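Each step along the sequence shown adds one to the number in our numbering, with nothing skipped, and position 187 is 192.
A virtual CB, placed ideally from N, CA and C, is assigned to each residue, including glycine.
Since the model is a prediction, treat every value here as computed from it, not as a measurement.
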Amino acid sequence: METIGIDALALAVPNGYLELSDLAAARGVPAGKFVEGLGVRQMAIAAAHEDPVALAANAARRLLAQSGRDPSEIGLCIVGTETAVDHSKPIAAYLHGLLGLPSRCRVYETKHACFGGTAGLLTAVDWIAAGPSLGAAPRVALVVCTDVARYELGSAGEPTQGAGAVAMIVSARPRLFELELGASGSFSRDVHDFWRPLDRKEAVVDGHHSVACYLDALTGAFEAWRSVAGSEPLLRTCYHVPYGKMAKKAHRHRLGLDGITEAEAARSFEREVAPSLILPSLVGNIYTGSLYLALASLLEAEAARLEGARVGLFSYGSGCTAEFFSGRVANGAGAIVDRWAIARSLAERTRLTFEEYEAIRRADPQVDRAPLGTLSVPTGAIAYLGIEQERRVYSN
Ligand SMILES: CC(C)(COP(=O)(O)OP(=O)(O)OC[C@H]1O[C@@H](n2cnc3c(N)ncnc32)[C@H](O)[C@@H]1OP(=O)(O)O)[C@@H](O)C(=O)NCCC(=O)NCCS
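So, in structure tokens, the structure goes:
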């Protein structure tokens, strides 16, 4: 059977970031609580012009350029997000215009908290598996996960914010990561662990309950996965990463299902999970894209030596739904990843002061009504410019 999976992947993050040690100092908390306790060093902070549409468009534009794909090849474009900019018009429609996707393309947005991107990816895989009609061009999908994660200033969730977009080409014979079709386990339950009422930009969260819900969902999804996935072990696992420590808790929990001791789980974590947490620790929580940022981190660190290796993926969306699924690093992925330099590009971002961060956040409520021309916008990247005649306007 033909393989299907992620053919190419690219990232866009805001230019500014906050050091968690600066946030800790300003909030009167020991830095160790955020850096070691939560496993986050830096979090990306989106300026007004770096909204979820702009982040998605910049990631997708980079993706098309890097992969050599022409926009005319894309037959399906799904954007997963939980921080949409409109109750009706999807971010995928903005991408259609900004990227010049063909009119024959199906475009829409998917939502289920941090699971929205996975919903898009798995739907794209099914769409490709359904096959092109006789004589038609091969099906190629663009899946973009994009979010700006916001919790109330001074709240327990504040150190677990972030912002960014991950764009992926999904196709047959993928050059990066092959998904194991059918090797997938779902878990869902109606819970109130994290949500965002329609009139709010910041999430409401019952933090410790959300950790418990995540771990329950992991148990259910993992057991469902292994009932269909055969006995070949996973050499690496990427978990949804709201913060690095959560992935550590998840791995310990998963191994605990088989009676593996904490000491053994800690050793296994260093080999099986830690490489996937390098980029998340520098960007923070990007909600729908977090699992795919972890996958990018793993690939950037180890793709060449992992070619052919089986990798587990766990996606969790509060509310809740979850999926444990698996795939393999494609042969030749190492050579593609050698050209990425994601970690190096993150080192070129601008470090914000705590005061600059707070000013950005305090201006947030006005941004979606800012008249065109009133926002300060650097040139170069695609950017949100403000509102004209009730419409959001973007530079291209
Ligand atoms: C995750 C969250 C609940 C933590 O909030 P909190 O109550 O302020 O933090 P805690 O007191 O639990 O401390 C966090 C960790 O830091 C550790 N810690 C505290 N002070 C520390 C210090 N000075 N040095 C090192 N570690 C420290 C704690 O022991 C704890 O580790 P543990 O989880 O392994 O026990 C909060 O950040 C949150 O609500 N985040 C958003 C929701 C979320 O991301 N949910 C995840 C599932 S989707």
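8 Å contact criterion, which Ile133 and Ala154 should meet: CB distance rounded: Looking up residue 133 in the sequence shown gives position 128. Looking up residue 154 in the sequence shown gives position 149. About 30 Å; that fails the 8 Å criterion.
Other residues of its chain near Ala188: CB distance less than 7 Å, five sequence neighbours each side excluded: Here the question's residue 188 lines up with position 183 in the sequence shown. Cβ neighbours of Ala188 beyond the five flanking positions: Trp230, Val233, Ala234, Phe330 and Ser331.
heavy atom of ligand 3 below 7 Å from Tyr292 C-beta: This structure does not include ligand 3; its bound ligands are ligand 1.
Beta strand (DSSP E) segment containing Arg241, residue limits: As a working note, residue 241 is residue 236 in the sequence shown. Element bounds for Arg241: Arg241 to Tyr244.
Rounded separation between Leu298 and Val278 - CA only: Locating residue 298 in the sequence shown gives position 293, counting from the first residue. Locating residue 278 in the sequence shown gives position 273, counting from the first residue. Their Cα atoms are separated by approximately 13 Å.
Arg356 versus Ala52, Gly33 and Pro35, residue with shortest Cα-Cα distance: Residue 356 sits at position 351 when you count from the first residue of the sequence shown. Ranking Ala52, Gly33 and Pro35 by Cα distance to Arg356 puts Ala52 first.
For Val246 and Cys218, believed in contact at Cβ under 8 Å, the rounded distance: In the sequence shown, residue 218 corresponds to position 213, counting from 1. In the sequence shown, residue 246 corresponds to position 241, counting from 1. In fact, because the Cβ distance is near 16 Å, the residues do not count as touching under 8 Å.
DSSP bridge partner residues for Cys82 (one or two, in chain order): Counting from one through the sequence shown, the residue named residue 82 turns up at place 77. Answer by DSSP bridge pairing, in chain order: Val112 and Leu147.
Alpha-carbon to alpha-carbon, Leu43 and Tyr362: Start at 1 with the first residue of the sequence shown, and residue 362 comes out as number 357. Start at 1 with the first residue of the sequence shown, and residue 43 comes out as number 38. Rounded to whole angstroms, the gap between the alpha carbons of Tyr362 and Leu43 is 20 Å.
6 Å CB neighbourhood of Thr165 in its chain, flanking five on each side removed: Here residue 165 refers to the residue found at position 160 of the sequence shown. The beta carbon of Thr165 sits closer than 6 Å to the beta carbons of Pro247, Tyr248 and Asn290 from its chain, once the five residues preceding and following it are set aside; these are given in chain order.
Start-to-end residues for the beta strand (DSSP E) that takes in Tyr389: Translated into the one-based positions of the sequence shown, residue 389 becomes position 384. It spans Tyr389 to Glu393 - the beta strand (DSSP E) in which Tyr389 sits, taken as one unbroken run.
Glu41 Cβ short of 7 Å to ligand 1 heavy atom set: Translated into positions along the sequence shown, residue 41 becomes position 36. Glu41 has its Cβ nearer than 7 Å to a heavy atom of ligand 1.
Inter-residue spacing [alpha-carbon to alpha-carbon] between Ala388 and Ala59: The count along the sequence shown starts at 1 and reaches residue 388 at position 383. The count along the sequence shown starts at 1 and reaches residue 59 at position 54. Roughly 5 Å separates the two Cα atoms.
Opening and closing residue of the beta strand (DSSP E) in which Thr326 lies: Translated into the one-based positions of the sequence shown, residue 326 becomes position 321. Its beta strand (DSSP E) spans residues Thr326 to Val334.
Nonlocal neighbours in the same chain, by C-beta distance under 6 Å from Ala172, ignoring five residues either side: Indexing the sequence shown from 1 puts residue 172 at position 167. Only Ala15, Ala64, Ala65, Leu68 and Val149 meet the Cβ criterion.
Distance cut-off 7 Å: Ala59 Cβ against heavy atoms of ligand 1: For the purposes of this step, residue 59 is identified with residue 54 of the sequence shown, where counting begins at 1. Outside the cutoff, so no.
For Gln166, the three-state DSSP class (helix, strand or coil): Numbered from 1 along the sequence shown, position 161 holds the residue referred to as residue 166. Of the three classes helix, strand and coil, the one that applies to Gln166 here is coil, per DSSP.
8 Å Cβ cutoff met for Pro137 and Val90: The count along the sequence shown starts at 1 and reaches residue 137 at position 132. The count along the sequence shown starts at 1 and reaches residue 90 at position 85. No, they are not a contact pair.
For Glu360, the first and last residue of its enclosing alpha helix (DSSP H): Indexing the sequence shown from 1 puts residue 360 at position 355. DSSP places Glu360 in the uninterrupted alpha helix (DSSP H) bounded by Phe359 to Val372.
Contacts around Arg259, its chain only, beta-carbon distance under 7 Å, and the 5 residues preceding and following it disregarded: Counting from one through the sequence shown, the residue named residue 259 turns up at place 254. Same-chain partners within the cutoff: Leu223 and Phe227.
Beta-carbon spacing of Val84, Leu100 below 8 Å: Here residue 84 is taken as the residue at index 79 of the sequence shown, counted from 1. Here residue 100 is taken as the residue at index 95 of the sequence shown, counted from 1. Going by C-beta atoms, Val84 is nearer than 8 Å to Leu100.
Cβ-based neighbour list, Ser302, same chain, cut-off 6 Å, excluding 5 preceding and 5 following: Counted from its first residue, the sequence shown places residue 302 at position 297. If we look at Ser302 and ignore the five residues flanking it on each side, its Cβ neighbours are Ser281, Ile283 and Leu284.
Straight-line gap, Ala327 to Glu157 (C-alpha atoms, nearest Å): Indexing the sequence shown from 1 puts residue 327 at position 322. Indexing the sequence shown from 1 puts residue 157 at position 152. Near 26 Å, if we compare the C-alpha coordinates of Glu157 and Ala327.
Per DSSP, cross-strand counterpart(s) of Val398: Numbered from its first residue, the sequence shown carries residue 398 at position 393. In DSSP, Val398 forms a bridge with Gly391.
Cβ-heavy atom distance, Pro247 to ligand 1, below 7 Å: One-based indexing of the sequence shown puts residue 247 at position 242. Remark: the C-beta of Pro247 is in contact range of ligand 1, defined as less than 7 Å to any heavy atom.
Beta bridge counterpart(s) of Phe199 as assigned by DSSP: Counted from its first residue, the sequence shown places residue 199 at position 194. Phe199 pairs with Val210.
Pairwise C-alpha distance: Gly385 and Pro376: Your numbering for residue 376 matches position 371 in the sequence shown. Your numbering for residue 385 matches position 380 in the sequence shown. Those two C-alpha atoms are separated by around 21 Å.
heavy atom of ligand 1 below 7 Å from Gly159 C-beta: Walking along the sequence shown from the start, residue 159 turns up at place 154. For ligand 1, not one heavy atom lies less than 7 Å from the Cβ of Gly159.
Buried versus exposed, by CB contacts within 10 Å (16 or more), Pro35: Position 30 of the sequence shown, counting from 1, holds the residue named residue 35. If you draw a 10 Å sphere on the C-beta of Pro35, you find fewer than 16 other C-beta atoms in it, and that means exposed.
Three-pair Cβ contact test at 8 Å for the region 344-359 versus the region 16-25: In short, these stretches touch, since the Cβ pair count reaches three.
Ile283, DSSP secondary structure in three states: Residue mapping note: residue 283 aligns to position 278 of the sequence shown, counting from 1. Three-state result, Ile283: coil.
Cys325 beta carbon less than 8 Å from that of Ser193: The residue you call residue 193 lines up with position 188 of the sequence shown. The residue you call residue 325 lines up with position 320 of the sequence shown. Using a Cβ distance threshold of 8 Å, Ser193 and Cys325 count as a contacting pair.
Where the alpha helix (DSSP H) through Gly10 begins and ends: By one-based count along the sequence shown, residue 10 stands at place 5. Not the alpha helix (DSSP H): Gly10 falls in the beta strand (DSSP E), residues Ile9 to Ala17.
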